[in-house]
Amino acid sequence: MNITEEESTATSLIINSISPTFPPTFSTQQNNLTTPSLTKTTFNFQQKRDVSFHFSLIFGSLIGGVTVVGLTANILVVIAILSDRKMRKSPMNLLLLNLAIADLLYLLAFTPFWLSMSVYGDGGWHFSDMFCPIARFFGNIFLVISILTYLAICIERYVAIVHPIAMHTSVWCTRSRVLVIAFGIWVFAMAYQFPYLVVFQVFDIPEKNLRVCRNPLASKSKIWKIYKWSEFLLTYALPIIISVLLYSRICRVLWFKNKNGENYGKGQNENENKTELKPNVK
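For the sequence shown, the numbering used here puts the final residue at 415, and the numbers step up evenly by one.
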């Protein structure tokens with residue numbers, strides 16, 4: 134039977150109309166990309182992962198567990214100090230409150246980023262472009278505040294244990310002075326971490342179908358390298374060195390105090406025993 138050209142065309146249209154259509158796969162979308170922009174690219178779990186799914190599951194579970202424990206503990210500390218008037222009067226408790234708030238905000242700032250890495254299995258940025266510099270800025274602020282507050286607590290403990298007389302006679306550890314120190318820590322952290330708010334941007338990587346939050350000056354600018362070295366020294370290296378030295382001194386003083394106290398106690402007990410065993414001579 135002969136089929137005319139019009140009948141063949143009509144038959145093809147009918148077949149195409151009843152045939153199911155499937156959405157293009159990720160590889161098809163990748164081949165159809167004609168512009169470097171990836172804002173319209175849909176990310177799914179079929180894309181290539183930098184790490185295995187099992188590693189992502191373990192890493193995500195650890196991050197989630199640490200976040201839950203950290204949030205719960207810090208919230209309890211904040212509630213306990215703020216709800217008790219006597220605790221709020223203690224300079225040490227004010228430093229602990231500042232530390233708990235900084236740790237709490239740090240977890241809230243960086244946990245979504247780490248969880249997205251574990252879910253997608255890559256180092257891409259899966260949030261809005263505006264959130265990139267904001268997350269880096271506030272995350273580093275809370276980290277620096279936490280480190281410097283911990284250093285202030287270390288100094289306070291050193292003065293209280295090693296120099297107890299100076300602790301009571303000086304005005305360093307008063308409530309008003311601690312509030313000024315905490316405020317200064319926040320101002321310093323915000324001012325010193327301000328470059329993160331300016332330089333970090335979202336960049337597209339078409340060959341990997343990724344968007345990344347990076348600093349374009351990281352490998353090019355000498356000024357940025359100097360800034361990073363100064364940041365490392367002022368907010369990491371020096372606080373760690375000072376804390377180790379001060380706590381070493383604290384441990385040494387406490388060890389000698391305990392040793393001298395034990396010797397004093399033994400001598401006192403021996404004198405009491407001799408007095409009790411001495412016969413009464415009339």
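Where a beta carbon is used, it is the ideal one built from N, C-alpha and C, also for glycine. Every value quoted in this text rests on a predicted model; they were computed, and no experiment measured them.
How is the beta strand (DSSP E) around residue i delimited, first residue to last?
i, result
"residue 346", "343-347"
"residue 260", "Element bounds for residue 260: n/a, residue is neither H nor E."
"residue 336", "334-338"
Mapping the DSSP letters down to three states, classify residue i as helix, strand or coil.
i, result
"residue 389", "helix"
"residue 279", "helix"
"residue 352", "coil"
"residue 236", "helix"
"residue 223", "coil"
"residue 187", "helix"
Using CA atoms only, rank isn't needed, just tell me which of the options is closest to residue i.
i, options, result
"residue 347", "207, 248, 264", "264"
"residue 273", "325, 212, 380, 371", "325"
"residue 287", "375, 205, 340", "375"
"residue 275", "309, 321, 202", "321"
Have a look at residue i and residue j and give me their C-alpha separation to the nearest angstrom.
i, j, result
"residue 349", "residue 335", "10 Å"
"residue 207", "residue 223", "18 Å"
"residue 259", "residue 357", "26 Å"
"residue 343", "residue 250", "12 Å"
"residue 355", "residue 363", "12 Å"
"residue 296", "residue 281", "21 Å"
"residue 193", "residue 369", "27 Å"
"residue 388", "residue 372", "24 Å"
"residue 390", "residue 378", "18 Å"
For the alpha helix (DSSP H) that contains residue i, what are its first and last residues?
i, result
"residue 309", "308-325"
"residue 360", "355-365"
Under a CB-based cut-off of 7 Å, is residue i close to chain B?
i, result
"residue 347", "Going by chain labels, chain B is absent from the structure shown, which holds only one protein chain."
The segment 326-337 / the segment 267-274 touching (three or more Cβ pairs under 8 Å)
yes
If contact is defined by three or more beta carbon pairs under 8 Å, each pair taking one atom from either stretch, is the segment 211-227 in contact with the segment 308-323?
yes
Does the segment 229-245 come into contact with the segment 289-299, if we say contact requires no fewer than three beta-carbon pairs (one atom in each stretch) closer than 8 Å?
no
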